[in-house]
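There are 2 protein chains.
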Amino acid sequence: MRKPIGVIDSGVGGLTVARELMRQLPKERFIYLGDTQRCPYGPRPEEEVREFTWQMVNYLLDKDIKMLVIACNTATAYTLEELQNQLSIPVIGVIEPGARAAIKVSQNKRIGVIGTEGTISSKAYPNALRSIDASIRINDLACPPFVPMVEDGILAGPMAEGVVARTLQPLKEMNHIDTLILGCTHYPLIRQLVQKEMGDHIQVISSGEETAREASLILAYQKALNTSNEEPVHEFYTTGDIEKFRVVANSWFEDPVRILELVELEGTRSSA
Amino acid sequence: MRKPIGVIDSGVGGLTVARELMRQLPKERFIYLGDTQRCPYGPRPEEEVREFTWQMVNYLLDKDIKMLVIACNTATAYTLEELQNQLSIPVIGVIEPGARAAIKVSQNKRIGVIGTEGTISSKAYPNALRSIDASIRINDLACPPFVPMVEDGILAGPMAEGVVARTLQPLKEMNHIDTLILGCTHYPLIRQLVQKEMGDHIQVISSGEETAREASLILAYQKALNTSNEEPVHEFYTTGDIEKFRVVANSWFEDPVRILELVELEGTRSSA
Numbered sequence: 001m002r003k004p005i006g007v008i009d010s011g012v013g014g015l016t017v018a019r020e021l022m023r024q025l026p027k028e029r030f031i032y033l034g035d036t037q038r039c040p041y042g043p044r045p046e047e048e049v050r051e052f053t054w055q056m057v058n059y060l061l062d063k064d065i066k067m068l069v070i071a072c073n074t075a076t077a078y079t080l081e082e083l084q085n086q087l088s089i090p091v092i093g094v095i096e097p098g099a100r101a102a103i104k105v106s107q108n109k110r111i112g113v114i115g116t117e118g119t120i121s122s123k124a125y126p127n128a129l130r131s132i133d134a135s136i137r138i139n140d141l142a143c144p145p146f147v148p149m150v151e152d153g154i155l156a157g158p159m160a161e162g163v164v165a166r167t168l169q170p171l172k173e174m175n176h177i178d179t180l181i182l183g184c185t186h187y188p189l190i191r192q193l194v195q196k197e198m199g200d201h202i203q204v205i206s207s208g209e210e211t212a213r214e215a216s217l218i219l220a221y222q223k224a225l226n227t228s229n230e231e232p233v234h235e236f237y238t239t240g241d242i243e244k245f246r247v248v249a250n251s252w253f254e255d256p257v258r259i260l261e262l263v264e265l266e267g268t269r270s271s272a
Numbered sequence: 001m002r003k004p005i006g007v008i009d010s011g012v013g014g015l016t017v018a019r020e021l022m023r024q025l026p027k028e029r030f031i032y033l034g035d036t037q038r039c040p041y042g043p044r045p046e047e048e049v050r051e052f053t054w055q056m057v058n059y060l061l062d063k064d065i066k067m068l069v070i071a072c073n074t075a076t077a078y079t080l081e082e083l084q085n086q087l088s089i090p091v092i093g094v095i096e097p098g099a100r101a102a103i104k105v106s107q108n109k110r111i112g113v114i115g116t117e118g119t120i121s122s123k124a125y126p127n128a129l130r131s132i133d134a135s136i137r138i139n140d141l142a143c144p145p146f147v148p149m150v151e152d153g154i155l156a157g158p159m160a161e162g163v164v165a166r167t168l169q170p171l172k173e174m175n176h177i178d179t180l181i182l183g184c185t186h187y188p189l190i191r192q193l194v195q196k197e198m199g200d201h202i203q204v205i206s207s208g209e210e211t212a213r214e215a216s217l218i219l220a221y222q223k224a225l226n227t228s229n230e231e232p233v234h235e236f237y238t239t240g241d242i243e244k245f246r247v248v249a250n251s252w253f254e255d256p257v258r259i260l261e262l263v264e265l266e267g268t269r270s271s272a
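So the protein lines, in turn, are chains A and B.
Under UniProt numbering, the first residue of the first sequence carries the number 1, and numbering increases by one thereafter.
Under UniProt numbering, the first residue of the second sequence carries the number 1, and numbering increases by one thereafter.
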């Protein structure tokens, strides 16, 4: 099936998921929409995140997507079930793939989760983990400084190391976990710092890789994989600054982004 | 949904898959049927494998299973599509999960596959891999001595090392792969030997772990996970020697097998 797959995110963090999707599903065509102007979603009230998410979803449904990937943990926490119930296409979030992968690798059933305030307070990860295995013990921690730091491009160096060390301190003090879920799509960009701070004995799970794997399975299961061998041309849309988006996107993908356009959703300004 | 999940295999190899299923889906109840008396399936003609597999499937359908896992690569290669088309419950094989996991981890897109003669000559792995990514290069190799060796309990020592070294020689000579799929559920039992022979730079994929992960996703996607917290009691059935089966099963599972019975299928002898 040659229809595209839609990917939505609050900003550029979901590009880590998109990159993995493109790598693991090289025959598929993707349409990415990042609500960069209103990023981050993490501190926003649930109702607002739901409204913004539906605006993005409706924009992509008009493009006749065959599957929707919510490449944003906060949006997944608040809207996944609703979207799965109301859309006729498969909807994949980033939370359950991360949870299943953590259960696969954890030996001692003690799993850590870090994410935005919204994701952590929603308890979406603990719910997903315990719905599969009630005996799992979870330490979760909101890390509010991480998204602004990553959005500012501070990905290494003493300052980034200091922020990561201070923020993760409470999690280290309860250091019995053997697996840590990066419950925010921005965090893979500081994965090395997190790994170094937590120690080599901790297995760090990146939701992006896992989500791509599950999207691949659901497409195959639905017999909706694209079987044509034509090179796909992906499309990118942002509600924010196009050139800033291009710089980030081009630093993450092997090939430069070809189609990139500004999109106005209800409430976003095209002059942004 | 409290209905059980059915798992079939040509013998005891599929217990490696069952163990992972039980670990990753601890709330689910499993019914395992191993056609130990007629194992191995690898060298048998396709028509015979199809007939034996259908006999096992029909036995489990009578037990009202909600999902079927074909924990045998040879049976998956010959019957997966047919079973998926004809049964109304989800059917998971071991080949596609292994293929998707290999695509996820391979960096150079050169993937090795080892399995029985039946699995390798069916080209099921190359087909699964290339249907996702046409640019992947595959080196596959049939390893006929491995299943009888494992069934005889020879899992370590100089003899096992020698057999593994000699058998894998052709694959080592074309040593550009970075990922190797264990395309037979017996092989995880000699995984260390294979890893040592191939070298630490090769990522070895075990289909059992990957299949459990995908079964977990499909159950969640179908909203068919068991939400009760009652301790499940699994059932095991074999067409062959019960006590031999019990020894192997008890060496693989933490808890001793509680329900284990002899089953007679058309053509198997209950006196076996």
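Beta carbons: idealized from backbone N, C-alpha and C, even for Gly.
Endpoints, alpha helix (DSSP H) assigned at residue 275 of chain A: Given that chain A is displayed from residue 1 to residue 272, the structure contains no residue 275 of chain A and the question cannot be resolved.
F253 of chain A in three-state terms, based on DSSP: coil
Where S131 of chain B meets chain A, residues with beta-carbon distance less than 9 Å: K27, A220, L225, T227
DSSP three-state assignment for Y237 of chain B, whether helix, strand or coil: strand
Extent of the continuous beta strand (DSSP E) run through Y32 of chain A: 30-34
Residue closest to Y59 of chain A, alpha-carbon to alpha-carbon, out of A:F236, A:A142, A:C143: A:F236
Residues of the region 98-122 of chain B whose Cβ lies closer than 7 Å to any Cβ of chain A, in chain order: R100, I103, K104
Partner residues on chain B for S206 of chain A, Cβ-Cβ distance less than 8 Å: Here the premise fails: no neighbours, minimum Cβ distance about 11 Å.
Euclidean distance between Cα positions of I95 of chain B and G42 of chain A: 39 Å
Partner residues on chain A for E231 of chain B, Cβ-Cβ distance less than 7 Å: Under the 7 Å cutoff, chain A gives no residues; its nearest Cβ is about 11 Å from E231 of chain B.
CB contact check: A71 of chain B to chain A, cutoff 7 Å: no
Helix, strand or coil at L129 of chain A [DSSP, three-state]: helix
Distance between N85 of chain A and A272 of chain B (C-alpha atoms, nearest Å): The predicted model places A272 of chain B with a pLDDT of 44, which falls under 50 and marks its position as unreliable; any figure quoted below should be read in that light. Looking at the two C-alpha atoms, the distance is approximately 51 Å.
Distance CB(N108 of chain A)-CB(G183 of chain A) smaller than 7 Å: no
Distance CB(T179 of chain B)-CB(Q203 of chain B) smaller than 7 Å: yes
Contact with chain B by Q24 of chain A, beta-carbon distance below 7 Å: yes
Given 8 Å, three or more beta-carbon pairs between the region 220-232 of chain B and the region 112-126 of chain B: no
Residues that R137 of chain B bridges to, as DSSP identifies them: B:R110
A101 of chain B, buried or exposed, once every other Cβ within 10 Å from all chains shown has been counted against 16: buried
Sheet register partners of T179 of chain A (DSSP bridge): A:I111, A:Q203
Cutoff 7 Å: S251 of chain B Cβ touching any chain A Cβ: no
DSSP bridge partner residues for G6 of chain B (one or two, in chain order): B:I31, B:L68
Under the three-state DSSP convention, the category L219 of chain B falls into: helix
Assigned exposure category for P256 of chain A - 16 Cβ within 10 Å defines buried: exposed
Interface flag, A124 of chain A vs chain B, CB-CB below 7 Å: no
DSSP bridge partner residues for V91 of chain B (one or two, in chain order): B:L68
Exposure label - Q169 of chain A; buried when at least 16 CB within 10 Å: exposed
Coarse secondary structure for A272 of chain A, derived from DSSP in three states: Per-residue confidence for A272 of chain A stands at a pLDDT of 44, beneath the threshold of 50, marking its modelled position as unreliable; the derived number appears in the next sentence. A272 of chain A: coil per DSSP, three-state reduction.
Span separating the alpha-carbon of residue 332 of chain B from that of P148 of chain B: Since the first residue of chain B shown is 1 and the last is 272, residue 332 of chain B is not available in this structure.
Beta-carbon proximity list for V163 of chain A, same chain, < 7 Å, skipping 5 on both sides: P145, M149
Distance CB(R110 of chain A)-CB(R130 of chain A) smaller than 7 Å: no
Rounded separation between A249 of chain A and V12 of chain A - CA only: 8 Å
Span of the beta strand (DSSP E) around E261 of chain B: 259-262
CB contact flag (G98 of chain B, N139 of chain B, <7 Å): no
For A142 of chain A, the residue or residues it bridges with in DSSP: A:G115
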